[in-house]
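Going by the numbering used here, the first residue of the sequence shown is number 35, and it counts up by one from there. Note that the Cβ used here is the ideal one computed from N, Cα and C, for glycine as well.
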Amino acid sequence: MRKLKNEELNRPSVEAFKTTPKFPLVIVLDNIRSLNNIGSVFRTADAFLIEKIHLCGITAVPPHKDIHKTALGATESVAWEYHKSTVELVQELKALDFCVMAVEQTEHATMLNQFSINADKKYALIFGNEVKGVAQEVVDLCDGVLEIPQYGTKHSLNIAVSVGVVVWDLWSKLYKIKMP
């Protein structure tokens, strides 16, 4: 096996990417403090054709050198918006018929491996602060909660890792539904 060179990967230009149909999913970052995590989320969003990232509260916005360091240019390809209030954004998304799901550990959470995606719905996934998680007032407004099953001694994953796990899972489930 030979590793492929970047020019062999046939990646679209930023202009072509912006016109490519997107996965019916938006990511909401609720008070994320790490600029590296934010950049990593942009890169994941680019990889899986995510519709948009919503940056809320204390979450930093591009351009910023520490976001750019991990985003590697994805802040130019992925659509994003800043919102002061995650609560107000959730209310707006629900009014636009998004199914809003927090990714958190709660009573009655649905384990990610048991979640069935509905191909006719648009989804908004909320990921929370590295220490406090998704704010309870935001969880209260959600249509449901997804939890990533974990079996080790730690009770959480890094937020950028969580985004990658959940987005890949939902993308692969939707791909199976839509592709013969």
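Contact check for Lys156 against Leu130 passes: the beta carbons are separated by less than 9 Å. The bridge partners DSSP lists for Glu181 are Met145.
CA-to-CA, the gap between Ile151 and Thr54 works out to about 22 Å. Collapsing the DSSP output to three states places Gly167 in a strand. The Cβ-Cβ distance between Phe82 and Trp205 falls below 9 Å. For Lys86, the uninterrupted beta strand (DSSP E) run begins and ends at 84–90, by DSSP. For Ile211, the secondary structure class from DSSP, reduced to helix, strand or coil, is helix. It is roughly 23 Å from the alpha-carbon of Ile92 to the alpha-carbon of Val200.
A direct Cα-Cα distance of roughly 29 Å separates Ile87 from Tyr185. In the displayed model, Gly162 falls within a strand according to three-state DSSP.
Secondary structure at Glu41: helix, using DSSP grouped into helix, strand and coil. Counting along the chain, the unbroken beta strand (DSSP E) around Leu63 starts and ends at 57–64. Taking C-beta separations shorter than 7 Å and ignoring five residues to either side along the sequence, the partners of Arg67 in its chain run Ile92, Asn163, Glu164, following chain order.
Excluding residues up to 5 positions away in sequence, Ile61, Val75, Thr78, Phe161 lie with their Cβ nearer than 7 Å to the Cβ of Val197 in the same chain.
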